[in-house]
Amino acid sequence: MLFYSPDAQVVMRNLAFRSTLIFLFLFGMGGLAMLADYSHRPNLSIGAVQCEWPPPGLHVPEADSVVAIFYHPRCPCTRATIRNLERLVPRFASTTQIIAFAFQPHDEDLSRLETEITQRLRAIPNSQIVPDVDGKFASQYGATTSGHVLLFDASGRLRFNGGITPSRGHEGSCKGTESLLHLVNGTHEQLVECPSFGCSITSPTEED
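Each residue of the sequence shown is one higher than the one before, counting from 106 in the numbering used here.
So this is what it looks like as structure tokens:
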């Protein structure tokens, strides 16, 4: 049986304490790295738009351009998209209609769409909420991520396809916001595609 002097025991305790601190530090850094990767990981691909604009049977008021946004009413990440859109709309130099497609499972009541996100979208001038039963419209327009945005000009031509946030759940200026603004205001002509960050448009989310 081994016996250690009091001094040796102190040294061993110090070593164990330091080892624990190092482990916790490395564990914390790994967690932060995973969180950063999650926040900045976009949807794997931008889906193809398979339907002309506007979709058959949907009445869209005449406008110089139309912003279509596809979202899950209970996706917390989408709040950042809405806040960015709220900042952009007053800067639009032409009449722009906002069509928001709210994902709705066929077995859910319409009242389930009435979340804070839906209410904020409805409060944006020239906006219209469209229930998207089982994501039919989202599928037709290649939107798989909540907060995905499309821009169409007056002739129905696609001008923007993607996201308008710098990362998942984070608001602020980014390539998406600046491109959308320039396209609406006629200072850019080419189709712009940007990565889209957020929850799956069809999957359950953190909020209920």
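Even glycine gets a Cβ: it sits at the ideal position worked out from N, Cα and C.
Residue i versus residue j - alpha carbon distance
| i | j | result |
| --- | --- | --- |
| residue 296 | residue 211 | 34 Å |
| residue 300 | residue 214 | 32 Å |
| residue 294 | residue 257 | 12 Å |
| residue 302 | residue 162 | 30 Å |
| residue 240 | residue 221 | 20 Å |
| residue 259 | residue 187 | 23 Å |
| residue 191 | residue 282 | 11 Å |
| residue 306 | residue 230 | 24 Å |
| residue 232 | residue 201 | 9 Å |
| residue 197 | residue 246 | 24 Å |
| residue 289 | residue 308 | 31 Å |
| residue 189 | residue 164 | 26 Å |
| residue 228 | residue 244 | 26 Å |
| residue 304 | residue 250 | 6 Å |
Best match in the options for proximity to residue i [C-alpha to C-alpha]
| i | options | result |
| --- | --- | --- |
| residue 235 | 172, 280, 191 | 172 |
| residue 287 | 194, 260, 277, 246 | 194 |
| residue 183 | 291, 282, 223 | 223 |
| residue 209 | 202, 164, 203, 219 | 219 |
| residue 155 | 180, 188, 262, 216 | 262 |
| residue 217 | 304, 237, 159 | 237 |
| residue 159 | 204, 227, 189, 196 | 204 |
Cutoff 6 Å; reference residue i; Cβ partners in own chain excluding five residues on either side
| i | result |
| --- | --- |
| residue 199 | 169 |
| residue 279 | 271 |
| residue 225 | 187 |
| residue 277 | 271 |
Residues bridged to residue i (per DSSP)
| i | result |
| --- | --- |
| residue 224 | Answer by DSSP bridge pairing: none, since residue 224 is not bridged. |
| residue 169 | Beta-bridge pairing links residue 169 to no other residue. |
| residue 318 | With the chain covering 106 to 313 only, the question about residue 318 has no answer from this structure. |
| residue 267 | 254 |
Presumed contact (8 Å Cβ cut-off) between residue i and residue j, rounded CB distance
| i | j | result |
| --- | --- | --- |
| residue 207 | residue 178 | 5 Å |
| residue 291 | residue 270 | Not really, about 24 Å apart at Cβ, beyond 8 Å. |
| residue 254 | residue 268 | 7 Å |
Cβ-based neighbour list, residue i, same chain, cut-off 8 Å, excluding 5 preceding and 5 following
| i | result |
| --- | --- |
| residue 157 | 261 |
| residue 284 | 265, 293, 297, 299 |
Sequence-distant residues of the same chain with beta carbon closer than 7 Å to residue i, five excluded per side
| i | result |
| --- | --- |
| residue 185 | 270, 274, 275, 276 |
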